[in-house]
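Q: For reference, the structure I am asking about is given below.
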Amino acid sequence: MKNGFRQSMAWLHTWTGLVVGWVLFFVFVTGNLGRFDTEIDQWMKPEVIPQPVPIAQEIGAAQQRLTQQAAGAERWTIYPTTNRDTPYLRITWDTEVKPGQALKRGEEFIDSSTATPLDTRATGGGQLLYKMHYALAYMPRSVSNWVIGICSMFMLVAIISGVITHKKIFTDFFTFRPNKGQRSWLDLHAVLAVLTLPFFFMITYTGLLFFLSTLVPGIVGANYGFGEKNRQQFNDELAAREYKLDRAESSAPLISLSQLTAEAERRWGEGQVRTVEIHYPGNQHAQAVVTRQIVSPLRSTEELVFNATNGELIAEQSATTAAPRTFYETVQGLHESLFAGWWLRWLYFLSGLAGVAIIGSGLILWIVKRRPKQLKQAEGPDFGHRLVEGLNVGTIAGLHIAIAAYFFANRLLPVDLAERNEWEVHVMFSVWLIALLHPVVRPINRAWIEQLWVAAAAFLLLPVVNAVTTGRDLIQSLQQGDWVFAGFDLVSIATAILFAVAALKLQQREQQQASAPAKTRVNRVVQEASA
Numbered sequence: 002m003k004n005g006f007r008q009s010m011a012w013l014h015t016w017t018g019l020v021v022g023w024v025l026f027f028v029f030v031t032g033n034l035g036r037f038d039t040e041i042d043q044w045m046k047p048e049v050i051p052q053p054v055p056i057a058q059e060i061g062a063a064q065q066r067l068t069q070q071a072a073g074a075e076r077w078t079i080y081p082t083t084n085r086d087t088p089y090l091r092i093t094w095d096t097e098v099k100p101g102q103a104l105k106r107g108e109e110f111i112d113s114s115t116a117t118p119l120d121t122r123a124t125g126g127g128q129l130l131y132k133m134h135y136a137l138a139y140m141p142r143s144v145s146n147w148v149i150g151i152c153s154m155f156m157l158v159a160i161i162s163g164v165i166t167h168k169k170i171f172t173d174f175f176t177f178r179p180n181k182g183q184r185s186w187l188d189l190h191a192v193l194a195v196l197t198l199p200f201f202f203m204i205t206y207t208g209l210l211f212f213l214s215t216l217v218p219g220i221v222g223a224n225y226g227f228g229e230k231n232r233q234q235f236n237d238e239l240a241a242r243e244y245k246l247d248r249a250e251s252s253a254p255l256i257s258l259s260q261l262t263a264e265a266e267r268r269w270g271e272g273q274v275r276t277v278e279i280h281y282p283g284n285q286h287a288q289a290v291v292t293r294q295i296v297s298p299l300r301s302t303e304e305l306v307f308n309a310t311n312g313e314l315i316a317e318q319s320a321t322t323a324a325p326r327t328f329y330e331t332v333q334g335l336h337e338s339l340f341a342g343w344w345l346r347w348l349y350f351l352s353g354l355a356g357v358a359i360i361g362s363g364l365i366l367w368i369v370k371r372r373p374k375q376l377k378q379a380e381g382p383d384f385g386h387r388l389v390e391g392l393n394v395g396t397i398a399g400l401h402i403a404i405a406a407y408f409f410a411n412r413l414l415p416v417d418l419a420e421r422n423e424w425e426v427h428v429m430f431s432v433w434l435i436a437l438l439h440p441v442v443r444p445i446n447r448a449w450i451e452q453l454w455v456a457a458a459a460f461l462l463l464p465v466v467n468a469v470t471t472g473r474d475l476i477q478s479l480q481q482g483d484w485v486f487a488g489f490d491l492v493s494i495a496t497a498i499l500f501a502v503a504a505l506k507l508q509q510r511e512q513q514q515a516s517a518p519a520k521t522r523v524n525r526v527v528q529e530a531s532a
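Dropping the structure here:
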């Protein structure tokens, strides 16, 4: 009975992992890059070098620009450069298009010295890569929510069934047998899984909770009814604030918002203001909400609510204490890691890399385990086997080539190109499509080697292209202490070395197999698979 149950779990682990493995690989790679989305943003906007500016100057410039651009908006939000997530002064405004419909959002990055938009190239930056890990691309958000939500459920099942299947999983953690074919891949899969199991489970479970209302619509529907209008009512009430007033009939000028941030810093300390949100700007009932920096996994933080016309403090609100909301916001915070400092952010990143390797090794293990049987067939490997092999090459190696192409597009596309940020994405997915089709016309071993070499060359060339197009080479960046550009170049070089080593190993193995008789090659594959 025990063996039967474990075998059932093994089957479940194998097939749940395979069915969604390629999507999850994409999600983990792009999501992991999101740990440094802000740094990627800065690299992809080389014209602008962030400079420290007093918050009073930033708030004044933002207020001036918003007054010009969005005087009649329902809400303004100002993001000063007081934390890692906002290297550039950013403003947004939400305007009502039609009563009862969702507000339309505008956004700009502002030069605080001139109160005008920053003169920089249009780019999706790191934010777009990060967004892809939960919204994918080229599909409606409602569809992508279902796709990612279902894949997350499958992954949670794969994690649990994997732990049950490997009865010696913690013992095998101390065992790694290189050059043993299937056994080596299984050891790698198990070692990485045990090493990062808490992180892997946490990141999957917390990610799944983001799609809770999509996957279980009855939670909202039972209380508010179904349909978009009722869902919007739920979202409005969820975001509602206790002290918010309705819009008044009369207008009134806003106070200088820098006075409010000065009061917030007096209470909290310098650099503690994260955002300034103004409701009904220019109205008699205008309110300003100043939010404190996030310093823990709990996304909720302290707020000061002011009358935005006279500066009177209306309320001082602490972080939420309601147990359900505290739990939900904490798990969201753990997933997003906005609170993380540098060392913890790198720990998240390295754990995410392990997750990428776990998924990738699992996909390869599926092929390695079945290859001996496929090679014995007179007609050769069947279509399903060849399809999985091709998708593995195009996803594991090809996706990285596509991401490198995204960065190349940022440097090489004309700066004044219309819809330039969209063309960066088009380049990325066009290259990925080519990488997915490439194994169709090439022997699978050659496809692996060729794509790994292309990935190595692409990432090695990135620092060169960056130096030629911006004049900021690695040595110069190191001398100036510019760790955003230096870090990007160093990580690119390290990635290139990793792919080059993998390509060399596969190339050496192919040469060894080519020099052996055909029967010996088949026997060797069988021996490695059964080792």
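Heads up, the sequence shown is in the working numbering, so the first residue is 2 and it goes up one at a time.
Where is the CB? At the ideal position from N, CA and C, for every residue including glycine.
#1: Can you tell me whether DSSP reads R300 as helix, strand or coil?
#2: Report buried or exposed for N311, applying the criterion of at least 16 other Cβ atoms within 10 angstroms of its Cβ.
#3: Between which two residues does the beta strand (DSSP E) carrying I397 extend?
#4: With three or more beta-carbon pairs closer than 8 angstroms as the criterion, would you say the region 62 to 73 touches the region 158 to 165?
#5: Can you tell me whether DSSP reads H280 as helix, strand or coil?
#6: So what's Y540 in DSSP terms, helix, strand or just coil?
#7: Three-state secondary structure (DSSP) at F110?
#8: Less than 6 angstroms between C-beta atoms, sequence neighbours within five positions excluded: which residues of the same chain meet that for A355?
#9: If I measure Cβ to Cβ from G61 and keep anything under 6 angstroms in the same chain, skipping five residues before and after, which residues do I get?
#10: For M544, is the classification buried or exposed, using 16 other Cβ atoms within 10 angstroms of its Cβ as the cut-off for buried?
#11: What are the boundary residues of the alpha helix (DSSP H) that G74 is part of?
#12: What span of residues does the beta strand (DSSP E) with R91 cover, start to end?
#13: By Cβ distance, which residues of its chain are closer than 7 angstroms to W367, with the 5 residues on each side in sequence left out?
#14: Ordered along the chain, which non-local residues of its own chain (more than five positions away) have a Cβ less than 7 angstroms from that of I402?
#15: Give a yes or no on contact between the region 465 to 482 and the region 503 to 510, applying the rule of three or more CB pairs nearer than 8 angstroms.
#16: Checking the sheet assignment: what are the DSSP bridge partners for F307?
#17: On the DSSP bridge assignment, give the partners of Y80 in chain order.
#18: Out of curiosity, what's the CA-to-CA distance linking H427 and V466?
#19: I need the DSSP call for V21, collapsed to helix, strand or coil.
#20: Counting only C-beta atoms, is G342 closer than 9 angstroms to chain D at any point?
#21: Can you name the residues that DSSP bridges to V274?
#22: Measuring CA to CA, which of N284, G272, Q285 and E330 is closest to P298?
#23: Roughly how many angstroms separate the alpha carbons of S145 and L137, rounded to a whole number?
#24: Short check: CB of D490 to CB of L462, under 9 angstroms?
#25: Out of L434, W23, L348 and N84, which has the shortest C-alpha to C-alpha gap to V296?
#26: Could you check what DSSP says for K506 in three-state terms: helix, strand or coil?
#27: Cα-Cα, which of A515, E313, F200 and A74 is closest to A103?
#28: Excluding sequence positions up to five away, which residues of its chain have a Cβ less than 8 angstroms from the Cβ of E303?
#29: So is Q378 buried or exposed if we call it buried at 16+ other beta carbons inside 10 Å?
#30: Quick one: measure Cβ to Cβ for L335 and H286, integer angstroms, because I've assumed they're closer than 8 angstroms.
#31: With distances taken from CA atoms, which of V416, T82 and P55 is nearest T276?
#32: Is the Cβ-Cβ distance between I92 and V274 less than 9 angstroms?
#33: Check this for me: beta carbons of V71 and G107, under 9 angstroms apart or not?
#34: Quick check on the burial criterion: 16 or more other C-beta atoms within 10 angstroms. Buried or exposed for L213?
#35: Fully enclosed by the region 394 to 449, which alpha helix (DSSP H) runs are 4 residues long or longer?
#36: Opposite T124 in the DSSP bridges: which residues?
A: To lay it out plainly:
#1: Residue state, collapsed to three classes: coil.
#2: By the C-beta density criterion, N311 is exposed, having fewer than 16 other C-beta atoms within 10 angstroms.
#3: No beta strand (DSSP E) contains I397, which DSSP labels as neither H nor E.
#4: Below 8 angstroms, too few C-beta pairs join the region 62 to 73 and the region 158 to 165 to call them touching: fewer than three.
#5: If DSSP states are grouped into helix, strand and coil, H280 belongs with the strands.
#6: Absent from the model: residue 540. The displayed extent of the chain is 2 to 532, so no value can be given.
#7: In this structure, F110 counts as strand in the three-state DSSP scheme.
#8: In its chain, beyond the 5 residues on either side, L193 and T197 have a beta carbon closer than 6 angstroms to the beta carbon of A355.
#9: Excluding residues within five positions, the ones whose Cβ falls inside 6 angstroms are S259.
#10: Examination of residue 544 is not possible in this model, given that the chain is present from 2 through 532 alone.
#11: Before going on, a small fix: residue 74 reads as Ala here, not Gly. Neither: A74 is in no alpha helix (DSSP H) and is coded neither H nor E.
#12: It spans L90 to T96 - the beta strand (DSSP E) in which R91 sits, taken as one unbroken run.
#13: Result list for W367: T15, L19 and V389, in chain order.
#14: Within the same chain, and ignoring the five residues on either side of I402 in sequence, the residues whose Cβ sits closer than 7 angstroms to its Cβ are V432, A436, Q452, V455, A456 and A459.
#15: Counting C-beta pairs closer than 8 angstroms gives fewer than three between the region 465 to 482 and the region 503 to 510, which falls short of the contact rule.
#16: Paired residue(s): A289 and L314.
#17: According to DSSP, residue pairing for Y80 in a beta bridge involves R91.
#18: Cα to Cα, the separation comes out at about 20 angstroms.
#19: V21 falls in the helix class under three-state DSSP.
#20: This model lacks chain D altogether, as it is built from one protein chain only.
#21: Answer is R293.
#22: Nearest of N284, G272, Q285 and E330 to P298, Cα basis: E330.
#23: Their backbone Cα atoms lie some 6 angstroms apart in a straight line.
#24: Cβ atoms of D490 and L462: not closer than 9 angstroms.
#25: Nearest option by C-alpha distance: N84.
#26: Here K506 carries a helix assignment [DSSP, helix/strand/coil].
#27: Checking every option, the nearest Cα to that of A103 belongs to A74.
#28: Taken in chain order, the residues that qualify are W269, T292, R293, E317, Q318, S319 and A320.
#29: Q378 sits exposed, since fewer than 16 C-beta atoms from the chains shown fall within 10 Å of its C-beta.
#30: Between L335 and H286 a beta carbon distance of about 37 angstroms is seen, past the 8 angstroms cut, so the two are scored as non-contacting.
#31: Among V416, T82 and P55, the Cα nearest to that of T276 belongs to T82.
#32: Result no, Cβ atoms of I92 and V274 do not sit closer than 9 angstroms.
#33: For the sequence presented, residue 71 should be read as Ala rather than Val. In this structure, G107 lies closer than 9 angstroms to A71 by Cβ.
#34: Around the beta carbon of L213, a 10 Å sphere encloses fewer than 16 other beta carbons of the protein chains shown; the residue is thus reported as exposed.
#35: Correct list: 399 to 413 and 421 to 442.
#36: Looking at the DSSP output, T124 shares a beta bridge with no other residue.
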